[in-house]
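Quick notes on the structure that follows.
2 protein chains.
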Amino acid sequence: MMKRKLYDLAAADISLRFSPYCWRTKLALAHKNLAYDTVPWRFIEKPEIQFSGQDKVPVLVDGKTVIHDSQAIAEYLETTYPNEASLFGDPAAKAMMVFVKNWTELTLHPTIAKVVLPDIFALLDPKDQPYFRKTREAFQGMTIEAIAARRPEYLAILQATLAPLRATLKGQPFLAGDIPNYADHIAYGALRWATMTSSTPLLAPDDPITVWMQAILDTYGL
Amino acid sequence: MMKRKLYDLAAADISLRFSPYCWRTKLALAHKNLAYDTVPWRFIEKPEIQFSGQDKVPVLVDGKTVIHDSQAIAEYLETTYPNEASLFGDPAAKAMMVFVKNWTELTLHPTIAKVVLPDIFALLDPKDQPYFRKTREAFQGMTIEAIAARRPEYLAILQATLAPLRATLKGQPFLAGDIPNYADHIAYGALRWATMTSSTPLLAPDDPITVWMQAILDTYGL
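Here the protein sequences line up with chains A and B, keeping their order.
Counting from 1, one number per residue, gives the positions in the first sequence under my numbering.
Counting from 1, one number per residue, gives the positions in the second sequence under my numbering.
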């Protein structure tokens, strides 16, 4: 049997895997005790994942199943491997995961993006840089250099945005309580993306968010 | 047996009960099918609740039990009335409620406050106004009039802040899924406080947040 394959966004340094959505999937696979190999992938390598019917990662190949979109992958894993620990918990917990997802994508991600986009640009494979500049500048309505110039302001907004996550993790080990679930994976993806690409440290070593990030890795032996 | 009593913050119009924390408690009592009478209370009536050992509402009197702080009251109701529907759900759902609580208190409440503080000031009983002006201006570091002058800016921030709540409620009836739980009560309290005091409409009638607020009241026959 072929091993599972996960197409995973990489920087110029092929070991630097920074996509927040790919991190969700890597943690979900670990949560389900599923082995996989990653295939490093760059933004412009769209032909490489054409078999998935679209052009974004993560893409998971599990035997004969090809599946894309981190949320669809999580749902697929939950359904396909029901005997492993649940990713979502009971219906109320799963419903509240949706709020964590929307907060992460609509509030946290845009805030992180403004801080790290210039850093990511510098870390990318040169062949990815023109694509990244064009798409991100169009989305942000600013040049990468203009974003970089406002870094102090964006850093302050990021710290304010993190307040509810930090306060929660000060009082309990994980968003989902004593053990992490997919809500933790979602928020972790955002913070991993931020901290691994930022040119300056974003979190103190004793920040509850730092402690939680390490505890997630420890949970899965990563 | 004496009926339960809830001390509930009131405006000059004694029927205008606007405290977000008192709303949490009123919904939690409804969720547990518990009858109660409210005692209207104003900010400066601190001697009236001195028996609770502190000076803030909500204060619940349930038989011989006196309990304050909305979260402590919710925990008390969950423990004391276990045969009614759970306020929190399973441990993962309860843990994620804490994130909703922290988001509501650390992100949403401060945003709402800047929009409605001047409106609330105008609605208060005159005897409450000096207390309210003094405490709120100290906290905000601005006069009420200066806050009012920046209303358009604060309204825009509020709409951006509501994005994750709105997106979630576009896809499911309640934060907790098909039936509301205490996470919904917490967020509802904030939105009820905002919408019932704002001098201008904050939400369109077909906004998913408006629909959700009505669905919560309908759930409990309120």
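Glycine included, every Cβ here is placed at the ideal spot set by N, Cα and C.
- Neighbourhood of Ala167/A in chain B, by CB distance below 7 Å: Asn102, Leu106, in chain order.
- Against chain B, the beta carbon of Asp128/A has no neighbour under 9 Å; the closest one sits roughly 29 Å away.
- The beta carbon of Tyr76/B sits closer than 6 Å to the beta carbons of Ile67 from its chain, once the five residues preceding and following it are set aside; these are given in chain order.
- Counting only the Cα atoms, Thr210/A lies some 15 Å from Ile186/A.
- Within 8 Å of the CB of Val115/B, no CB atom of chain A is found; the nearest one sits about 17 Å away.
- Per DSSP, the continuous alpha helix (DSSP H) segment holding Asp184/B begins and ends at 182 to 197.
- Here Ala176/A is buried. Its C-beta has 16 or more other C-beta atoms within 10 Å.
- For Leu9/A, the closest of Thr135/A, Glu45/A, Met2/A by C-alpha to C-alpha distance is Glu45/A.
- Separation of the CB atoms of Phe99/A and Pro201/B is rounded to 24 Å, and the pair is thereby denied contact status at 8 Å.
- For Pro40/A, no alpha helix (DSSP H) encloses it; the enclosing beta strand (DSSP E) starts and ends at 37 to 41.
- At a cut-off of 9 Å between C-beta atoms, Asn33/A does not count as an interface residue with respect to chain B.
- Ranked by Cα distance from Cys22/B, the options Leu16/B, Glu48/B, Ser70/B, Gly53/B are led by Ser70/B.
- Counting only runs of 3 or more residues that sit fully inside the region 40 to 102 of chain A, the beta strand (DSSP E) segments are 59 to 62, 65 to 68, in chain order.
- Closer than 9 Å to the CB of Gln54/B there is not a single CB belonging to chain A.
- Where Asp119/A is concerned, the enclosing alpha helix (DSSP H) starts and stops at 109 to 123.
- Per DSSP, the unbroken beta strand (DSSP E) holding Tyr7/A starts and ends at 5 to 9.
- Exposure of Leu217/A is indicated by the presence of fewer than 16 other C-beta atoms within 10 angstroms of its C-beta.
- Here the C-alpha atom of Asp55/B lies approximately 28 Å from the C-alpha atom of Ala146/B.
- Chain A places no beta carbon closer than 9 Å to that of Val211/B, leaving this residue out of the contacts.
- Within 10 angstroms of the beta-carbon of Ser19/A lie 16 or more other beta-carbons, which makes it buried.
- Within chain B, no C-beta atom comes nearer than 7 Å to that of Gln159/A; the closest sits roughly 12 Å away.
- Remark: C-beta atoms of Asp90/B and Asp90/A approach each other more closely than 9 Å.
- Its Cα nearest to that of Val39/B, the residue Val57/B stands out among Lys32/B, Asn33/B, Leu29/B, Val57/B.
- Identification of chain A residues near Pro164/B by a Cβ-Cβ cut-off of 7 Å yields Phe99, Asn102, Trp103, Leu106, Thr107, ordered along the chain.
- In this structure, the straight-line span from the alpha carbon of Asp128/A to that of Phe43/A is close to 6 Å.
- Three or more pairs of CB atoms, one per stretch, sit closer than 8 Å, so the region 134 to 150 of chain B contacts the region 108 to 117 of chain B.
- Per DSSP, Phe139/A has no beta bridge partner at all.
- The continuous alpha helix (DSSP H) containing Gln159/B extends over residues 151 to 161.
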